[in-house]
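Peer 1: Below is one structure. I have some questions about it.
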Amino acid sequence: MTNNFAVLGLQWGDEGKGKIVNFLSDRANAACRYQGGHNAGHTLIINGEKIVLHLLPSSICHEKALSLIGKGVVISCDALFEEIEKIEPIAKNIHERLKISPACSLIQPYHILVDQLKEKSNSFNTIGTTLRGIGPAYEDKVARRAIRIIDTLSESKLEDKLKENISYYNFWLENYFGHTKLDFQKIKDENLHYGEKLTPLLADVSSLINGLNDQGKRVLFEGAQGALLDVDQGTYPFVTSSNCSPAGIASGAGIGPLDVGYILGVVKAYVTRVGEGPMPTEIHDSIGAEIATKGGEVGATTGRPRRCGWFDAVTVKRIIKSNSVSALCLTKIDVLDFLDTIKICVGYDFKNGSGDYAECMDLVDVEPKYIECKGWQTSLKGINEFDLLPPEAKAFVKKIEEVCELPVDVISTGPDDHGTIVLNEEI
Ligand code: IMP
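Residue numbers (my numbering): 29 to 455.
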């Protein structure tokens, strides 16, 4: 058994994972992203400065930690090198500390194009994707035609694979969307250029993790999005295209399923969602709008407003049970400072027999059942000791533990590291 650990969102993303991963990366020798792509937006506040990471692991600012990108991630080279350039002034030795698996699939310009055309087209259901080409890139991976980083290292191999892809996409683009043909040479040149740029960063990430573990070192796995957006466990079809629940760690990082000793599930004290899809506890009145304003609920990647709702213990508990989550990290509790009553959804009334199909996560024919907690109506911002919380806030935390049947090991009371209460020092 290793002492690796993981930090993942248990809702629809944007739970505040970036801050927690950055805070905990001191306790790890490396952090690893293993799924998703630059659809993620992890916000960190370092020395008062706001930093949003999309592809790089949140450990990138810790000069002693390795930052790993495992084979389950789909990479946009434009986005990766833009992010490296932006972060370089504050993150030391990036080129020595960042290691990327050559087995990662690459997001190509035609993936972005198709993602955008599909979202605009009336013939497809709109998901409200981030328009970053994530879905089409994963489609190619599953269809076994993806261009992986390794393919960009040999011109002849790249040419063969790209020819097949471009003729497939050209047919689709022309006949389905009436779009002009792709420029093969331009796309090939870009891939070769990025292959060269990537070469010094490549490593066998899976073996690297095993080697670190053999030396007794610890790796932190950083989930992107949230488990309710997981393609298998989330609210399908309104999901992303990867396994962002803990189940994705082993395949995406290339480790054994038993090689994660502790899984910290991050949940916001309320819930948010960007894009389309069901959200049973959505608040449609001014309280929802005020939570959105106070919580700064605007997408870190797309700038889209996030929908807000009450904490939904039903969905969180389902994810906990099916993913061996060890404990919870409760974030943004300070956003609820202004409320006199806070609701928690503890059950659903399933209509039209939909309870029999609960595993499908349709969540359309459900009526949430709530309990109410008394609000604290005082500022929690920056509190870093549990004993300093007002009794109503302590009771709220205890209620979350009770309804989720899991301990809360970390509480976040503000965007920077100072506002963090660690209740389990063994993490
Ligand atoms: P895609 O991942 O761009 O394909 O988008 C699919 C769905 O996942 C959309 O509803 C997006 O809004 C949502 N999504 C993707 N990444 C994130 C994220 O990092 N936070 C929250 N929602 C996300």
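C-beta atoms are modelled at their ideal positions from N, C-alpha and C, and glycine is treated no differently.
With DSSP as the reference, please indicate the residues paired to R334 in a beta bridge.
Peer 2: Position 306 of the sequence shown, counted from the start, is the residue given in the question as residue 334. Paired residue(s): none; R334 is not in a bridge.
Peer 1: Checking 8 angstroms against the spacing of the C-beta atoms, do G282 and N32 come in under that value?
Peer 2: Along the sequence shown, one-based indexing puts residue 282 at 254. Along the sequence shown, one-based indexing puts residue 32 at 4. It is not a contact, given that the beta carbons lie outside the stated cut-off.
Peer 1: I'd like to know whether the C-beta atoms of Y166 and V102 end up nearer to each other than 8 angstroms.
Peer 2: Taking the sequence shown and counting its residues from 1, the one referred to as residue 166 is at position 138. Taking the sequence shown and counting its residues from 1, the one referred to as residue 102 is at position 74. Their beta carbons are under 8 angstroms apart, which means Y166 touches V102 by this criterion.
Peer 1: What number of angstroms, rounded off, separates the C-alpha of P435 from the C-alpha of V425?
Peer 2: As a working note, residue 435 is residue 407 in the sequence shown. As a working note, residue 425 is residue 397 in the sequence shown. Using only the alpha carbons, I get a separation of about 9 angstroms.
Peer 1: Compute the distance between the beta-carbons of D390 and F378, then report whether it is under 8 angstroms.
Peer 2: If you number the sequence shown from 1, residue 390 lands on position 362. If you number the sequence shown from 1, residue 378 lands on position 350. It is not a contact, given that the beta carbons lie outside the stated cut-off.
Peer 1: Is S269 near the ligand IMP, going by C-beta to nearest heavy atom under 7 angstroms?
Peer 2: The count along the sequence shown starts at 1 and reaches residue 269 at position 241. Answer for S269: yes, Cβ within range of the ligand IMP.
Peer 1: Who does R301 pair with in a DSSP beta bridge?
Peer 2: For this step, residue 301 is matched to residue 273 along the sequence shown. The partner list for R301 (beta bridge, DSSP) reads R335.
Peer 1: Do the segment 109-120 and the segment 144-160 make contact, defined as three or more Cβ pairs closer than 8 angstroms?
Peer 2: Result no; under three Cβ-Cβ pairs closer than 8 angstroms.
Peer 1: Considering Cα atoms alone, identify which of E453, Q261, A59 and G447 is closest to K245.
Peer 2: To locate residue 245, count along the sequence shown from 1; it is residue 217. Nearest C-alpha to K245: A59.
Peer 1: Tell whether a beta-carbon distance below 8 angstroms holds between P306 and C373.
Peer 2: Taking the first residue of the sequence shown as position 1, residue 306 is located at position 278. Taking the first residue of the sequence shown as position 1, residue 373 is located at position 345. Contact flag unset, no.
Peer 1: What separation, rounded to the nearest whole angstrom, lies between the Cα atoms of V431 and L81?
Peer 2: Reading the sequence shown from its first residue, position 403 is the one you call residue 431. Reading the sequence shown from its first residue, position 53 is the one you call residue 81. Their Cα atoms are separated by approximately 32 angstroms.
Peer 1: For E304, verify whether its CB is less than 7 angstroms away from any heavy atom of the ligand IMP.
Peer 2: In the sequence shown, the residue the question calls residue 304 occupies position 276. It does: the Cβ of E304 is within 7 angstroms (strictly closer) of some heavy atom of the ligand IMP.
Peer 1: Pairing CB atoms from the segment 177-184 with CB atoms from the segment 213-228, are three or more of them under 8 angstroms?
Peer 2: The answer is yes - the segment 213-228 touches the segment 177-184, with three or more Cβ pairs under 8 angstroms.
Peer 1: Could you check the C-alpha separation between I291 and G163 for me, to the nearest Å?
Peer 2: Taking the first residue of the sequence shown as position 1, residue 291 is located at position 263. Taking the first residue of the sequence shown as position 1, residue 163 is located at position 135. Approximately 26 angstroms between the Cα atoms of the pair.
Peer 1: Taking only runs that begin and end inside the segment 185-238, name each unbroken alpha helix (DSSP H) of 4 or more residues, in chain order.
Peer 2: List check, alpha helix (DSSP H) in window: 212-226.
Peer 1: Could you tell me the alpha carbon to alpha carbon distance between H139 and I194, rounded to whole angstroms?
Peer 2: Indexing the sequence shown from 1 puts residue 139 at position 111. Indexing the sequence shown from 1 puts residue 194 at position 166. Rounded to whole angstroms, H139 to I194 spans 11 angstroms at the Cα level.
Peer 1: Could you name each continuous alpha helix (DSSP H) segment of 4 residues or more that falls completely within the segment 377-439, going from the start of the chain to the end?
Peer 2: As far as the segment 377-439 is concerned, its whole alpha helix (DSSP H) runs of at least 4 residues are 419-432.
Peer 1: If contacts are defined as beta-carbon pairs under 8 angstroms, then G293 and L36 qualify, I think. What distance do you get, rounded to the angstrom?
Peer 2: Here residue 293 corresponds to residue number 265 of the sequence shown, with the count starting at 1. Here residue 36 corresponds to residue number 8 of the sequence shown, with the count starting at 1. With a Cβ gap of about 6 angstroms, G293 and L36 count as contacting.
Peer 1: Could you name the residues of the same chain whose beta carbon sits closer than 8 angstroms to that of K233, not counting the 5 residues immediately before and after it, in chain order?
Peer 2: For the purposes of this step, residue 233 is taken as the residue at position 205 of the sequence shown. Looking at the sequence provided, one finds Val at residue 233 rather than Lys. Excluding positions up to five away in sequence, the list reads C60, L96, I97, G98, K99, K127, I128, S129, A281 and G282.
Peer 1: Quick one: using the 10 Å Cβ neighbour count with 16 as the cut-off for buried, is Q405 buried or exposed?
Peer 2: Sequence index remark: in the sequence shown, residue 405 carries index 377 (1-based). Exposed, since its Cβ has fewer than 16 Cβ neighbours within 10 Å.
Peer 1: So, is D437 buried or exposed, given that buried needs 16 or more other C-beta atoms within 10 angstroms?
Peer 2: In the sequence shown, residue 437 corresponds to position 409, counting from 1. Buried is the call here.
Peer 1: Using the Cα positions of W200 and E110, report the straight-line distance between them to the nearest angstrom.
Peer 2: Taking the sequence shown and counting its residues from 1, the one referred to as residue 200 is at position 172. Taking the sequence shown and counting its residues from 1, the one referred to as residue 110 is at position 82. Taking the straight line from one Cα to the other gives about 30 angstroms.
Peer 1: Taking 8 angstroms as the cut-off, does the segment 437-450 touch the segment 346-360 (at least 3 CB pairs, one atom from each stretch)?
Peer 2: Contact between the segment 346-360 and the segment 437-450 is present, because at least three Cβ pairs lie under 8 angstroms.
Peer 1: Distance check for N57 and C89, CA to CA, integer angstroms please.
Peer 2: Sequence index remark: in the sequence shown, residue 89 carries index 61 (1-based). Sequence index remark: in the sequence shown, residue 57 carries index 29 (1-based). Cα to Cα, the separation comes out at about 13 angstroms.
Peer 1: For the segment 62-77 against the segment 45-52, are there 3 or more C-beta pairs whose distance is under 8 angstroms?
Peer 2: These segments touch.
Peer 1: Do you know offhand how far N241's Cα is from V247's?
Peer 2: For the purposes of this step, residue 241 is taken as the residue at position 213 of the sequence shown. For the purposes of this step, residue 247 is taken as the residue at position 219 of the sequence shown. About 8 angstroms.
Peer 1: Cβ of I97 versus every heavy atom of the ligand IMP: is any distance shorter than 7 angstroms?
Peer 2: Position 69 of the sequence shown, counted from the first residue, corresponds to residue 97. I97 Cβ: outside cutoff for every heavy atom of the ligand IMP.
Peer 1: Can you tell me the Cα-Cα spacing of Q213 and A174, whole angstroms?
Peer 2: Translated into the one-based positions of the sequence shown, residue 213 becomes position 185. Translated into the one-based positions of the sequence shown, residue 174 becomes position 146. Taking the straight line joining both Cα atoms gives about 18 angstroms.
Peer 1: From G65, M29 and D445, pick the residue whose C-alpha is nearest to that of N238; which is it?
Peer 2: Stepping through the sequence shown from its first residue, residue 238 is reached at position 210. It is M29.
Peer 1: Rank E318, I277, L108 and V326 by C-alpha distance to the C-alpha of R301 and give the top, closest one.
Peer 2: For the purposes of this step, residue 301 is identified with residue 273 of the sequence shown, where counting begins at 1. Among E318, I277, L108 and V326, the Cα nearest to that of R301 is on V326.
Peer 1: Using DSSP's beta-bridge definition, name the partner residues of G76.
Peer 2: Here residue 76 corresponds to residue number 48 of the sequence shown, with the count starting at 1. In DSSP, G76 forms no bridge with anything.
Peer 1: Please identify the residue among S350, A328 and D313 whose C-alpha is closest to the C-alpha of C336.
Peer 2: Along the sequence shown, one-based indexing puts residue 336 at 308. Answer by Cα proximity: D313.
Peer 1: Roughly how far, in whole angstroms, is the beta-carbon of G303 from the beta-carbon of I155, given that I think they are within contact range, below 8 angstroms?
Peer 2: Taking the first residue of the sequence shown as position 1, residue 303 is located at position 275. Taking the first residue of the sequence shown as position 1, residue 155 is located at position 127. Confirmed, about 6 angstroms.
Peer 1: With a threshold of 7 angstroms on Cβ separation, who are the neighbours of G41 within its own chain once the five nearest residues in sequence on each side are excluded?
Peer 2: Position 13 of the sequence shown, counting from 1, holds the residue named residue 41. Answer for G41: Q253, G254 and L257, listed in chain order.
Peer 1: Can you say whether S148 is buried or exposed, counting buried as having 16 or more other CB atoms within 10 angstroms of its CB?
Peer 2: Taking the first residue of the sequence shown as position 1, residue 148 is located at position 120. Inspection of the sequence shows that residue 148 is occupied by Lys rather than by Ser. The residue is exposed, with fewer than 16 neighbouring Cβ atoms inside 10 Å.
Peer 1: Using beta-carbon positions only, say whether T329 and T208 come within less than 8 angstroms of one another.
Peer 2: As a working note, residue 329 is residue 301 in the sequence shown. As a working note, residue 208 is residue 180 in the sequence shown. It is not a contact, given that the beta carbons lie outside the stated cut-off.
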